[in-house]
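Since the structure comes first, as structure tokens, the remarks are kept for the end.
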Amino acid sequence: MKTKDQKHVQQRPSTDGIGLATAIDSLLDHRKLIAVTTISAFLIGCAYAFLAPPVYEANALIKVADGDKQPPAAADTLSYYVAPAFNDNASAESAIQVIGSRRIVAQAMANNKLYIEAKPHRFPLIGSAIAHYREGLSAPGLLGLGGYVWGDETIKVGAFDVPAKLEKKKFAIRALANDRYELVGPGLKSSIAGRIGVTERFDTKVGPLTVRIDSIHSRPGGEFIVTRNSEPVLVEELQKKLKLAEAGTKTNVIKLSMQGDDPVVLASTVKEISDLYVNWNNERKARIAHDALAHISEALPDLEKQVTESETAYNNYRDANGLLDLSEEGRLLLKQIADNNAALLDLRRKRQALSATLAAANPNVVAADQQIQATQREIDALNLRVRAMPRAEQIALQMMRNVRVNTDVYVAMRKYAEEMQLVSAGKAGTAEIIDPAEIPGRPVRPVKWLIMLSSLLMGAVLGGGGAIVWDRLRRGVTDTNDIESASGLSVYATIPLSNRQEEITRRAEHGLPQQLPLAASYPLDPAIESLRILRSAIQLLLIGAPNNVIMLAGPLPEIGKSFLAANLATVLATGGKRVLLVDGDLRKGQLYRYLGVPKGDGLSEVLSGLRQFDEVVTTGGTPKLDLLQTGSYPAAAADLLMTGRFSECIRNASRAYDIILIDTPAVLPVSDAGMMAPVAGSVFLVVRFADTLVGEIDATIKRLGHAGARISGIILNRVKVRSSNYALARRYGTSAYVAHHYDSSLP
Numbered sequence: 004m005k006t007k008d009q010k011h012v013q014q015r016p017s018t019d020g021i022g023l024a025t026a027i028d029s030l031l032d033h034r035k036l037i038a039v040t041t042i043s044a045f046l047i048g049c050a051y052a053f054l055a056p057p058v059y060e061a062n063a064l065i066k067v068a069d070g071d072k073q074p075p076a077a078a079d080t081l082s083y084y085v086a087p088a089f090n091d092n093a094s095a096e097s098a099i100q101v102i103g104s105r106r107i108v109a110q111a112m113a114n115n116k117l118y119i120e121a122k123p124h125r126f127p128l129i130g131s132a133i134a135h136y137r138e139g140l141s142a143p144g145l146l147g148l149g150g151y152v153w154g155d156e157t158i159k160v161g162a163f164d165v166p167a168k169l170e171k172k173k174f175a176i177r178a179l180a181n182d183r184y185e186l187v188g189p190g191l192k193s194s195i196a197g198r199i200g201v202t203e204r205f206d207t208k209v210g211p212l213t214v215r216i217d218s219i220h221s222r223p224g225g226e227f228i229v230t231r232n233s234e235p236v237l238v239e240e241l242q243k244k245l246k247l248a249e250a251g252t253k254t255n256v257i258k259l260s261m262q263g264d265d266p267v268v269l270a271s272t273v274k275e276i277s278d279l280y281v282n283w284n285n286e287r288k289a290r291i292a293h294d295a296l297a298h299i300s301e302a303l304p305d306l307e308k309q310v311t312e313s314e315t316a317y318n319n320y321r322d323a324n325g326l327l328d329l330s331e332e333g334r335l336l337l338k339q340i341a342d343n344n345a346a347l348l349d350l351r352r353k354r355q356a357l358s359a360t361l362a363a364a365n366p367n368v369v370a371a372d373q374q375i376q377a378t379q380r381e382i383d384a385l386n387l388r389v390r391a392m393p394r395a396e397q398i399a400l401q402m403m404r405n406v407r408v409n410t411d412v413y414v415a416m417r418k419y420a421e422e423m424q425l426v427s428a429g430k431a432g433t434a435e436i437i438d439p440a441e442i443p444g445r446p447v448r449p450v451k452w453l454i455m456l457s458s459l460l461m462g463a464v465l466g467g468g469g470a471i472v473w474d475r476l477r478r479g480v481t482d483t484n485d486i487e488s489a490s491g492l493s494v495y496a497t498i499p500l501s502n503r504q505e506e507i508t509r510r511a512e513h514g515l516p517q518q519l520p521l522a523a524s525y526p527l528d529p530a531i532e533s534l535r536i537l538r539s540a541i542q543l544l545l546i547g548a549p550n551n552v553i554m555l556a557g558p559l560p561e562i563g564k565s566f567l568a569a570n571l572a573t574v575l576a577t578g579g580k581r582v583l584l585v586d587g588d589l590r591k592g593q594l595y596r597y598l599g600v601p602k603g604d605g606l607s608e609v610l611s612g613l614r615q616f617d618e619v620v621t622t623g624g625t626p627k628l629d630l631l632q633t634g635s636y637p638a639a640a641a642d643l644l645m646t647g648r649f650s651e652c653i654r655n656a657s658r659a660y661d662i663i664l665i666d667t668p669a670v671l672p673v674s675d676a677g678m679m680a681p682v683a684g685s686v687f688l689v690v691r692f693a694d695t696l697v698g699e700i701d702a703t704i705k706r707l708g709h710a711g712a713r714i715s716g717i718i719l720n721r722v723k724v725r726s727s728n729y730a731l732a733r734r735y736g737t738s739a740y741v742a743h744h745y746d747s748s749l750p
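Residue numbers for the sequence shown, in this note's numbering: 4 to 750.
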């Protein structure tokens with residue numbers, strides 16, 4: 004066997020990790036915590052789902068005209084050429100900017116008086132939830148106090164103007180009988196009474212206050228909270244709440260949406276914003292049309308005069324020169340020149356539109372320039388053909404071209420004037436409300452089933468994740484390889500956790516009769532089988548030990564050391580050894596409970612000189628097992644151990660017993676174990692599975708070493724045989740062999 008003097012031990016792979024098996028063990032270990040966390044999170048989620056105020060959403064759809072309409076034919080209409088600013092239809096992007104502008108939003112706020120916030124006075128947390136599920140008017144107040152309302156109470160405030168210093172301040176309006184109300188709030192010396200439907204003016208410390216309550220739907224005593232908000236701040240808040248987006252891709256259909264807790268106010272606000280934009284769009288078009296119509300009206304007489312003069316000049320020239328009509332070649336040239344001039348004008352407009360967003364070297368701009376040059380060359384070629392014609396026919400062709408151009412311009416301008424008249428009269432526009440805003444019937448949030456499901460899952464994840472993280476950060480030793488590597492000591496045994504011992508302990512705590520200890524009650528329990536393996540190792544160890552005294556020590560309390568002492572002593576006694584079990588914990592030793600014997604005098608009385616050793620030793624409930632229990636709990640336990648009587652008592656007893664087993668208090672909190680250690684020829688350090696830290700083991704070894712203790716090895720107690728440590732348990736015999744009872748009467 005290895006001792007503390009052995010510096011090197013065989014290194015083997017550790018099984019202590021954070022794999023799936025370890026995580027499963029952590030979840031099983033902390034299942035109660037996980038259950039509590041999951042249930043708590045679920046209850047919180049349910050409370051939020053049913054108590055949180057509902058959030059509604061109102062929306063509308065607006066269709067704006069396409070911004071990429073193709074230009075008409077040259078002689079189709081002149082509006083495309085003479086009024087480009089009017090015909091450049093709004094795109095969805097520009098319309099979104101206008102709809103969300105301060106101008107539109109501020110006007111909607113002012114029209115709906117959104118700067119006045121008036122709500123029923125609800126009880127915190129649960130008031131709104133109760134009102135949501137309740138119909139009709141309620142009895143105001145909670146137990147007659149507070150003015151809280153719990154039903155369908157409403158108030159309509161027509162005017163509420165306060166000094167700037169009182170903006171965002173809350174005022175309370177309490178309904179009274181006979182169409183009266185009471186106003187209470189900051190700046191008012193006392194409550195002020197007013198009449199419903201009458202504009203009231205009150206003086207405050209910082210200026211006048213004007214209020215008009217149009218209606219109150221509540222029983223007397225019901226309260227409402229009224230606030231006057233800052234208009235610039237409110238406009239910014241509304242702009243943030245207003246969501247604008249194009250519905251689909253390149254549809255030029257804009258979706259307006261807004262969320263809030265009042266469905267009526269939401270629908271009214273979205274509808275007002277939609278109407279304001281459409282009206283603004285139509286008014287803008289009408290204004291542009293009016294200006295264009297005025298300009299056209301001034302130009303039409305001159306255009307008509309030009310048409311008349313050109314026709315007269317052409318007819319006079321033809322009569323003077325005896326020309327009946329243009330030749331076939333002349334008519335063809337005239338048509339080609341007119342078509343090419345129209346095409347050239349169209350190309351130049353396209354090039355101008357491209358240059359507004361693209362560089363001159365862009366392929367689209369370069370292609371447009373090439374088309375313009377080609378068309379211009381075609382026009383120049385046609386003009387050369389005209390110059391080759393006879394002089395008289397050239398002049399007639401020029402005059403005929405003037406007549407056609409002047410006539411086309413005049414006709415187009417007349418048609419354009421008719422279009423402007425329609426737009427100016429409000430009969431045309433480029434924006435239209437497709438779906439107007441309606442009062443939402445159901446809230447969009449909270450989604451109760453989703454919140455409850457999410458809270459349930461979140462609770463499970465938080466509980467499970469917290470358990471895994473906690474075990475990873477605080478988890479003690481679980482693998483014998485790690486223990487041996489860190490301490491330089493051998494692990495003599497791994498003792499599995501005994502469910503039967505847990506049952507025995509519970510019965511004992513409730514005062515129920517139960518055969519004790521576990522080695523006597525359930526001798527085939529896996530924990531007892533492991534102690535029998537330890538018994539064999541101890542018998543070999545005692546051959547070379549200085550004496551027959553064995554001490555069990557542990558770093559901290561609650562590691563199961565007393566359980567091991569009681570049952571190991573029983574196993575040693577049933578193996579034929581005469582054993583003395585000494586309860587050396589003078590502070591709170593309770594070994595008598597594990598052996599099922601009554602409490603009496605013991606070690607403290609012997610050390611105090613009040614009783615003799617033979618007078619206090621009692622039977623341990625098992626043949627060949629005696630118990631020297633703690634006795635009374637002295638105030639200065641360490642002082643008693645310093646007297647030397649303890650060493651003398653143990654040395655004398657060692658002559659009468661084969662093995663003396665001493666159970667000691669925890670090493671790190673108190674010094675008692677260090678003072679007892681020198682009398683023991685063998686010391687076993689007991690550590691608790693997944694609880695004792697490597698640092699605690701190291702500190703305990705050092706402290707016992709300073710006291711002169713001879714540490715023989717380590718016992719790993721309360722091992723939970725699960726997925727991650729099954730191989731470890733099987734190697735050390737804690738779960739591989741299951742005890743069976745055989746019936747010898749069978750053939």
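Each residue gets a CB set at the ideal place from its N, CA and C atoms; glycine is no exception.
Asked                                                                                                                                                                      : Found
Answer yes or no: do residue 387 and residue 371 have a C-beta to C-beta separation smaller than 7 Å?                                                                      : no
Do residue 156 and residue 263 count as a contact pair if the criterion is CB distance below 7 Å?                                                                          : no
Can you tell me the Cα-Cα spacing of residue 687 and residue 548, whole angstroms?                                                                                         : 13 Å
Could you check whether residue 158 and residue 121 sit closer than 7 Å to each other, using their CB atoms as the reference points?                                       : yes
Strictly by DSSP, which residues pair up with residue 257?                                                                                                                 : 65 and 249
My output table needs one value for residue 131: the three-state DSSP class, helix, strand or coil.                                                                        : helix
Find out if the Cβ-Cβ distance for the pair residue 340, residue 279 is shorter than 7 Å.                                                                                  : no
CB residue 598 to CB residue 623, shorter than 7 Å?                                                                                                                        : yes
For a quick check, are the C-beta atoms of residue 215 and residue 202 less than 7 Å apart?                                                                                : yes
Is it buried or exposed, residue 319, if we count other Cβ atoms within 10 angstroms and call 16 or more buried?                                                           : exposed
Excluding sequence positions up to five away, which residues of its chain have a Cβ less than 6 Å from the Cβ of residue 195?                                              : 186 and 205
Along the chain, which unbroken stretches of the alpha helix (DSSP H) at least 4 residues long are found entirely within the stretch 200-244?                              : 234-244
What span of residues does the alpha helix (DSSP H) with residue 566 cover, start to end?                                                                                  : 564-577
Taking the CB atoms as reference points, tell me whether residue 299 and residue 420 lie closer together than 7 Å.                                                         : yes
Please report the distance separating the alpha-carbon of residue 794 from that of residue 586.                                                                            : Given a span of 4 to 750 for the chain in the structure shown, any question on residue 794 remains unanswerable.
Can you give the beta carbon distance from residue 3 to residue 643, rounded, assuming they're within the 8 Å contact cut?                                                 : In the structure displayed, the chain extends from 4 to 750; residue 3 sits before or after that span and is not available.
Please state the DSSP three-state secondary structure of residue 691.                                                                                                      : strand
Relative to the alpha-carbon of residue 166, which residue among 654, 286, 354 and 234 has its alpha-carbon at the smallest distance?                                      : 234
Where DSSP assigns a beta bridge to residue 392, which residues make up the other side?                                                                                    : In DSSP, residue 392 forms no bridge with anything.
Going by the CB atoms, is the gap between residue 389 and residue 397 shorter than 7 Å?                                                                                    : yes
From the DSSP output, in three-state form, read off residue 175 for me.                                                                                                    : strand
Does residue 419 come out as helix, strand or coil in the three-state DSSP assignment?                                                                                     : helix
With a threshold of 6 Å on Cβ separation, who are the neighbours of residue 604 within its own chain once the five nearest residues in sequence on each side are excluded? : 614, 619 and 634
Excluding five sequence neighbours on each side, which residues of the same chain lie with their C-beta closer than 6 Å to the C-beta of residue 48?                       : 454, 455 and 458
Where does residue 645 sit, in a helix, a strand or coil, going by DSSP?                                                                                                   : coil
Kindly indicate which three-state DSSP category residue 157 falls into: helix, strand or coil?                                                                             : strand
Within 10 Å of its beta-carbon, does residue 680 have 16 or more other beta-carbons around it, so buried, or fewer, so exposed?                                            : buried
What span of residues does the alpha helix (DSSP H) with residue 484 cover, start to end?                                                                                  : 483-490
Who are the Cβ neighbours of residue 23 in its own chain at under 6 Å, not counting the five residues just before and after it?                                            : none
Mind checking which residues open and close the beta strand (DSSP E) that includes residue 715?                                                                            : 714-722
For residue 29, I'd like the list of residues in its chain whose CB is within less than 6 Å of its CB, leaving aside the five on either flank, ordered along the chain.    : 470, 471 and 474
For a test of the three-state rule: what should DSSP assign to residue 262, helix, strand or coil?                                                                         : strand
Who does residue 353 pair with in a DSSP beta bridge?                                                                                                                      : Paired residue(s): none; residue 353 is not in a bridge.
Looking only at its chain, what residues have a beta carbon closer than 6 Å to the beta carbon of residue 662, apart from the 5 residues adjacent to it on each side?      : 551, 575, 580 and 582
For residue 162 and residue 68, I'd like the C-alpha separation in whole angstroms.                                                                                        : 39 Å
Given this structure, state the Cα-to-Cα distance separating residue 738 from residue 724, to the nearest angstrom.                                                        : Bear in mind that the predicted position of residue 738 carries a pLDDT of just 39, short of 50, making it unreliable; the figure below should be weighed with that in mind. So the alpha carbons of these two residues sit roughly 7 Å apart.
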